[in-house]
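This note's numbering puts the first residue of the sequence shown at 1, with every later residue one more than the last.
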Amino acid sequence: MDRLLTILSDGRYHSGENLGKELGISRSAVWKQAQKISLLGILLESKKGCGYRISGGLELLDINLIHRQLSAAVKPLLLKIQLLSTVSSTNILARQRAEQDNASGWVVLAEEQTSGRGRRGKSWVSPYGCNLYLSLVWGFDGGVKEIEGLSLAVAVVVLRGLRLLGVEGLSLKWPNDLLYQNKKIGGILLEVVGDPSGYCQVVIGVGVNINMSGQFSGSIAQAWANVSELSDSRVGRNQLAGIIIDQLLLLLSKYKKTGFVGYKEEWLQHDAFMNKKVKLLMMNNSVEGIVRGIDNSGALILEVDGAVKIFSGGEISLRGFE
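Written out as structure tokens, the structure is:
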């Protein structure tokens with residue numbers, strides 16, 4: 001099916017007979033594979049006398065095209081890019097790799113996730129070939145104290161990457177979401193492997209909605225948007241993947257020295273809830289207050305009944321009021 005998808009990704013009609021010849025299978029076998037493609041949520045058209053086509057085409061991920069977006073400064077930092085068709089979750093795969101060995105600089109990308117994950121155990125809807133699902137592993141010598149605020153800094157550089165492609169009007173939601181007019185565009189998930197006080201590896205998961213069909217709205221609990229709707233020019237998946245990998249490696253290579261402080265002001269410039277009333281949902285309770293910014297570690301500053309309180313990340317979810 002992967003080979004069939006590659007052929008059909010050009011958006012043109014291909015006859016069942018020619019497809020069978022290219023793939024070395026019968027026309028009926030081509031038909032069966034075509035049905036599987038439709039089950040992926042891809043708009044596949046069939047027309048008598050013409051054959052099959054993917055309406056609008058499909059930009060599949062290509063390691064060579066991704067490498068072209070990387071700057072000379074980050075190429076020595078990259079261990080490997082692994083590209084897969086379907087995985088349970090890129091973060092799960094990256095975590096398994098980190099648990100086996102030192103995997104700092106290793107990147108995994110997938111066309112589809114069957115068990116994509118967000119924060120607090122929530123699922124991340126990950127249909128085939130339309131969004132970005134990326135995980136990157138990076139090692140830190142000084143334990144978790146060296147990664148304070150990292151999820152916020154990652155959100156900043158992902159936003160930078162999107163702006164490089166002409167995507168404007170984005171905002172950031174503490175601690176790790178990218179929004180457009182309160183609709184979710186992307187999210188960050190960090191997981192730590194190893195010694196929390198010594199050498200540890202951080203798995204950084206990034207998900208960005210690029211061109212997802214509205215048919216998946218029923219599976220998503222909150223309002224969402226695609227970056228393709230926000231740019232005058234087409235946002236390419238390979239271009240975006242390369243730019244985000246480039247931005248992430250630049251960030252990680254100097255984070256021990258700069259920490260979150262180097263990204264704090266930029267984060268605040270794009271804070272979606274600054275001076276707004278919000279509710280923080282925690283494991284066993286909730287707190288309402290007014291957002292007054294973030295501190296140098298990336299913790300949320302919340303004014304509660306006139307008193308200032310500080311909340312760190314973890315199992316906390318922020319909700320705004322209409």
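We put the CB at the ideal spot given by N, CA and C, even for glycine.
Delimiting residues of the beta strand (DSSP E) encompassing residue i
{"i": "residue 264", "result": "Not the beta strand (DSSP E): residue 264 falls in the alpha helix (DSSP H), residues 261 to 269."}
{"i": "residue 188", "result": "183 to 194"}
{"i": "residue 334", "result": "Residue 334 is absent from the structure shown; the chain starts at 1 and stops at 322."}
{"i": "residue 256", "result": "Not the beta strand (DSSP E): residue 256 falls in the alpha helix (DSSP H), residues 237 to 258."}
{"i": "residue 132", "result": "132 to 140"}
{"i": "residue 68", "result": "Note, residue 68: premise wrong, no beta strand (DSSP E); not H, not E."}
{"i": "residue 20", "result": "That residue, residue 20, is in no beta strand (DSSP E); its alpha helix (DSSP H) goes 16 to 23."}
{"i": "residue 231", "result": "No beta strand (DSSP E) contains residue 231, which DSSP labels as neither H nor E."}
{"i": "residue 332", "result": "Nothing about residue 332 can be reported from this structure: the residues present for the chain run from 1 to 322 only."}
{"i": "residue 56", "result": "Looking at the DSSP string, residue 56 is not in any beta strand (DSSP E), and its letter there is neither H nor E."}
{"i": "residue 279", "result": "277 to 281"}
{"i": "residue 198", "result": "Here residue 198 belongs to no beta strand (DSSP E), and DSSP marks it neither H nor E."}
CB of residue i within 8 Å of CB of residue j, strictly
{"i": "residue 98", "j": "residue 206", "result": "no"}
{"i": "residue 173", "j": "residue 273", "result": "yes"}
{"i": "residue 60", "j": "residue 126", "result": "no"}
{"i": "residue 233", "j": "residue 166", "result": "yes"}
{"i": "residue 270", "j": "residue 170", "result": "yes"}
{"i": "residue 51", "j": "residue 13", "result": "yes"}
{"i": "residue 241", "j": "residue 109", "result": "yes"}
{"i": "residue 260", "j": "residue 148", "result": "yes"}
{"i": "residue 107", "j": "residue 201", "result": "no"}
{"i": "residue 2", "j": "residue 85", "result": "yes"}
{"i": "residue 53", "j": "residue 20", "result": "no"}
Distance between residue j and residue i (C-alpha atoms, nearest Å)
{"i": "residue 180", "j": "residue 94", "result": "29 Å"}
{"i": "residue 130", "j": "residue 209", "result": "8 Å"}
{"i": "residue 253", "j": "residue 100", "result": "22 Å"}
{"i": "residue 258", "j": "residue 290", "result": "28 Å"}
{"i": "residue 218", "j": "residue 212", "result": "Its pLDDT being 47, under 50, residue 218 is placed unreliably by the model, and the measurement read from it follows with that caveat. Using only the alpha carbons, I get a separation of about 13 Å."}
{"i": "residue 18", "j": "residue 37", "result": "18 Å"}
{"i": "residue 111", "j": "residue 294", "result": "35 Å"}
{"i": "residue 66", "j": "residue 83", "result": "11 Å"}
{"i": "residue 296", "j": "residue 68", "result": "35 Å"}
{"i": "residue 163", "j": "residue 225", "result": "16 Å"}
{"i": "residue 248", "j": "residue 158", "result": "8 Å"}
{"i": "residue 63", "j": "residue 78", "result": "13 Å"}
{"i": "residue 139", "j": "residue 7", "result": "39 Å"}
{"i": "residue 24", "j": "residue 30", "result": "10 Å"}
{"i": "residue 318", "j": "residue 186", "result": "15 Å"}
{"i": "residue 310", "j": "residue 264", "result": "16 Å"}
{"i": "residue 49", "j": "residue 135", "result": "43 Å"}
{"i": "residue 303", "j": "residue 281", "result": "15 Å"}
{"i": "residue 176", "j": "residue 188", "result": "5 Å"}
{"i": "residue 320", "j": "residue 267", "result": "18 Å"}
{"i": "residue 152", "j": "residue 161", "result": "14 Å"}
{"i": "residue 199", "j": "residue 256", "result": "13 Å"}
{"i": "residue 196", "j": "residue 15", "result": "57 Å"}
{"i": "residue 203", "j": "residue 88", "result": "15 Å"}
{"i": "residue 300", "j": "residue 76", "result": "35 Å"}
{"i": "residue 182", "j": "residue 235", "result": "21 Å"}
{"i": "residue 74", "j": "residue 91", "result": "21 Å"}
{"i": "residue 4", "j": "residue 22", "result": "9 Å"}
{"i": "residue 279", "j": "residue 142", "result": "33 Å"}
{"i": "residue 237", "j": "residue 32", "result": "28 Å"}
{"i": "residue 96", "j": "residue 150", "result": "21 Å"}
Residue nearest to residue i in terms of C-alpha spacing, selected from the options
{"i": "residue 250", "options": "22, 33, 70, 4", "result": "70"}
{"i": "residue 244", "options": "154, 296, 319", "result": "154"}
{"i": "residue 104", "options": "88, 81, 87, 85", "result": "81"}
{"i": "residue 348", "options": "228, 292, 113", "result": "The chain is shown from 1 up to 322; residue 348 falls before or after that span and cannot be answered."}
{"i": "residue 305", "options": "318, 287, 22", "result": "287"}
{"i": "residue 41", "options": "53, 90, 128", "result": "128"}
{"i": "residue 156", "options": "74, 92, 28, 262", "result": "262"}
{"i": "residue 168", "options": "178, 230, 150, 28", "result": "230"}
Residue range of the alpha helix (DSSP H) that includes residue i
{"i": "residue 100", "result": "90 to 100"}
{"i": "residue 2", "result": "2 to 8"}
{"i": "residue 106", "result": "Counting along the chain, residue 106 falls outside any alpha helix (DSSP H), though it belongs to the beta strand (DSSP E) covering 106 to 113."}
{"i": "residue 323", "result": "Outside the displayed span of the chain (1 to 322) sits residue 323, for which this structure offers no information."}
{"i": "residue 35", "result": "27 to 39"}
Exposed unless 16 or more other CB atoms sit within 10 angstroms - verdict on residue i
{"i": "residue 184", "result": "buried"}
{"i": "residue 308", "result": "exposed"}
{"i": "residue 313", "result": "buried"}
{"i": "residue 114", "result": "exposed"}
{"i": "residue 35", "result": "exposed"}
{"i": "residue 46", "result": "exposed"}
{"i": "residue 246", "result": "buried"}
{"i": "residue 284", "result": "exposed"}
{"i": "residue 315", "result": "exposed"}
{"i": "residue 275", "result": "exposed"}
{"i": "residue 43", "result": "exposed"}
{"i": "residue 39", "result": "exposed"}
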